[in-house]
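Each residue of the sequence shown is one higher than the one before, counting from 5 in the numbering used here.
Glycine included, C-beta positions come from ideal geometry on N, C-alpha and C.
Below is one structure, written out as structure tokens, with a few remarks after it.
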Amino acid sequence: MRSRHWLTILLILGVTLTTVTATAIAGSPIGSSVNISNQSVDAVYGSVAYNPDWQEYLVVWYNDRPGNDDIQAQRVSKDGNLVGPSFFISAGTGADRHYPSVAYNSKEQEYLVVWEHYDQSTGSYSIRGRRVSPSGGMISGEFTIFDPSPDLALEPAVAYAYTENKYLIVWTWAQATGTHIAGKTLTVSGGSASLGSTFLISEDTTGTEPRTQPDLAYNRARNEFLVVWREEFSSSDHDIYAQRVKMAGGEGLLGNPLVIWSSGSSDDENPAVAAIPKPSGTGQYLVVWELRTSSSGGDIWGAMVTGDGQAVTPLIIATSTEDLYDPAVAGSESGEDYLVVWSHSDYYPGWAFIPIVGQEISMEGDLVGEEKALFGSFAGHPAIASGPLADFLVVFDDKPLTATNRDIYGQLWGNRLYIPLTLRNK
5 MRSRHWLTIL
15 LILGVTLTTV
25 TATAIAGSPI
35 GSSVNISNQS
45 VDAVYGSVAY
55 NPDWQEYLVV
65 WYNDRPGNDD
75 IQAQRVSKDG
85 NLVGPSFFIS
95 AGTGADRHYP
105 SVAYNSKEQE
115 YLVVWEHYDQ
125 STGSYSIRGR
135 RVSPSGGMIS
145 GEFTIFDPSP
155 DLALEPAVAY
165 AYTENKYLIV
175 WTWAQATGTH
185 IAGKTLTVSG
195 GSASLGSTFL
205 ISEDTTGTEP
215 RTQPDLAYNR
225 ARNEFLVVWR
235 EEFSSSDHDI
245 YAQRVKMAGG
255 EGLLGNPLVI
265 WSSGSSDDEN
275 PAVAAIPKPS
285 GTGQYLVVWE
295 LRTSSSGGDI
305 WGAMVTGDGQ
315 AVTPLIIATS
325 TEDLYDPAVA
335 GSESGEDYLV
345 VWSHSDYYPG
355 WAFIPIVGQE
365 ISMEGDLVGE
375 EKALFGSFAG
385 HPAIASGPLA
395 DFLVVFDDKP
405 LTATNRDIYG
415 QLWGNRLYIP
425 LTLRNK
């Protein structure tokens, strides 16, 4: 009996220590990076989603090959190990497929992968998608989400709304009269799926202020999305804007667009956004972007945004005399913090390497600990997902010194404190 009591006490202590560690101490890169794609052709522009039901991630990317570019995927365990072989989401001649984005649906236990599809015979650009099972099987065939030919549909991103059991897909819609941000929902129920109507999230009414580079995050506390994008006013003045999108009672815009950052003298680009559904009933967002001026390279900036969009508080995340670019962000509900990652040129003095660098941000908008470098020789295009134990999986494409092509790599970030348990039988 005494050994059982000691086991119970130690297990409770272990859970407590894990919780305290996750919320009070800044994380770090865990172990080494793992080659996820490991192919003979370039693999670039990864995206990643976490599946809490199977406790694993799905990483997707596109192969940059002559003739046609394909979308591939690889399952990765919560501990960063590859699960099974890689597999194709969309492949074949006659088309190029670029910029995949993936989201996980915990009610239907499936992924939705979306991408930009270029038809080589017609020159048209559309948004395509496919539903994928956790085991890597194809639940649906490839389907068209939006085809505006002769206009262009570019740069898709997808996220999942748990309360409504819907996906929201957003993209850049380039017309002769203007370049807009558009969206559409996909509802899945009982194995069937139905697309909603296309709606404009931000319209370029003048035809001279294009909106591009959309991203989005779902705030479960309010059953809303925040969609962010870059808005161009001149060749040297790009600003960051956002729009709340409701789900309850049908998708629609909430309030006016939010000005996340507008200086009139900086080139702000590559926005990304993450949400944490806390405080209860409100939630919050962190928007990050790359800020450039005529006198400096890129820095990484951010803004805390309240769930109702009433307060936008800018913050400086990282500055350097070198070039910082391509930020990505994810929020951990259990850890109550965010991880921001970016490419950092010449990070190591005297060396021309470009690693991925990360910095944690608290829900209050404070820097937690110091920035730390993950592995990477000439790394770019990071993506990130929050996993179990208040940790994250960061994926990126890289070409190490001895490699002949770029591959998709992944590395965990977090706090993993393992305490050995000694059991005595007396």
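In the pairwise beta carbon analysis, the region 158 to 169 is classified as touching the region 213 to 233: at least three pairs are separated by under 8 Å. Annotated as proximal: Lys282 and Glu340, with beta-carbon spacing under 8 Å. Counting other Cβ atoms within 10 Å of its Cβ, Thr97 stays below 16 and is therefore classed as exposed. Of all alpha-carbon atoms in Asn85, Val399, Arg234, the one lying nearest the alpha-carbon of Tyr413 is that of Val399.
Between the C-alpha atoms of Pro89 and Val63 there is a straight-line separation of about 12 Å. Residue state for Glu375 is assigned as strand, using DSSP reduced to three classes.
Counting along the chain, Val291 sits inside the beta strand (DSSP E) bounded by residues 288 to 297. Distances from the alpha-carbon of Asp330 to those of Ile365, Ser381, Asp272 put Asp272 closest. Inclusion of Asn55 and Pro138 in the CB contact set at 8 Å is warranted, their separation being smaller than that value. Secondary structure at Glu228: strand, using DSSP grouped into helix, strand and coil. Given a length threshold of 3 residues, each whole run of the beta strand (DSSP E) inside the region 209 to 285 is given here in chain order: 215 to 223, 228 to 238, 241 to 250, 256 to 265, 271 to 280.
With 16 or more neighbouring CB atoms inside 10 Å of its own CB, Leu262 falls in the buried class. The beta carbon of Phe357 is closer than 8 Å to those of Asp350, Tyr351, Gly380, Ser381, Phe382 in its chain, skipping five residues each way along the sequence. For the region 52 to 125, the continuous beta strand (DSSP E) assignments of 3+ residues that do not extend past its boundaries occur at 60 to 68, 74 to 81, 86 to 94, 99 to 109, 114 to 123, in sequence order. Take Val192, set aside five residues on each side of it, and the residues of its chain with a beta-carbon closer than 6 Å to its own are Glu112, in chain order. Rounded to whole angstroms, Phe203 and Arg296 show a C-alpha spacing of 31 Å.
By the CB criterion at 8 Å, Leu172 and Val249 fall inside the cutoff.
Counting of Cβ neighbours within 10 angstroms places Trp355 among the exposed residues, the total staying below 16. Burial check for Gly287: the Cβ neighbour count within 10 Å reaches 16 or more, so the residue is buried. Taking all protein chains in view, the Cβ of Glu368 is surrounded by fewer than 16 other Cβ atoms within 10 Å, so the residue is classified as exposed. For Val80 and Ser269, the gap between their C-alpha atoms comes out near 42 Å. Sorting Pro33, Val87, Leu156 by C-alpha distance to the C-alpha of Gln179 places Leu156 at the top. Per DSSP, Arg420 lies in no beta strand (DSSP E) segment and is marked neither H nor E. By the neighbour-count criterion, in which a residue is buried when 16 or more other Cβ atoms sit within 10 angstroms of its Cβ, Asp402 is buried.
In the three-state scheme derived from DSSP, where H, G and I count as helix and E and B as strand, Gly369 is classed as coil. Taking 8 Å as the cut-off, the beta carbon of Ala30 is found closer than this to the beta carbon of Glu364. In this structure Leu416 is in contact with Leu397, their Cβ atoms being roughly 6 Å apart against a cut-off of 8 Å. The beta carbons of Ile304 and Ala322 sit about 4 Å from each other, so the pair counts as a contact at 8 Å. Rounded to the nearest angstrom, the gap between the Cα atoms of Ser324 and Leu199 is 45 Å. DSSP, read as helix, strand or coil, puts Thr189 in strand. Per the coordinates, the alpha-carbon of Pro152 lies some 20 Å from the alpha-carbon of Val117. Straight-line spacing of the CA atoms in Ala186 and Pro353 works out to 43 Å. In the displayed model, Tyr351 falls within coil according to three-state DSSP, outside both helix and strand. Glu374 counts as exposed, since fewer than 16 other C-beta atoms from the protein chains shown sit within 10 angstroms of its C-beta. The residue among Phe150, Tyr108, Ile131, Ala99 with its C-alpha nearest the C-alpha of Ser125 is Ala99.
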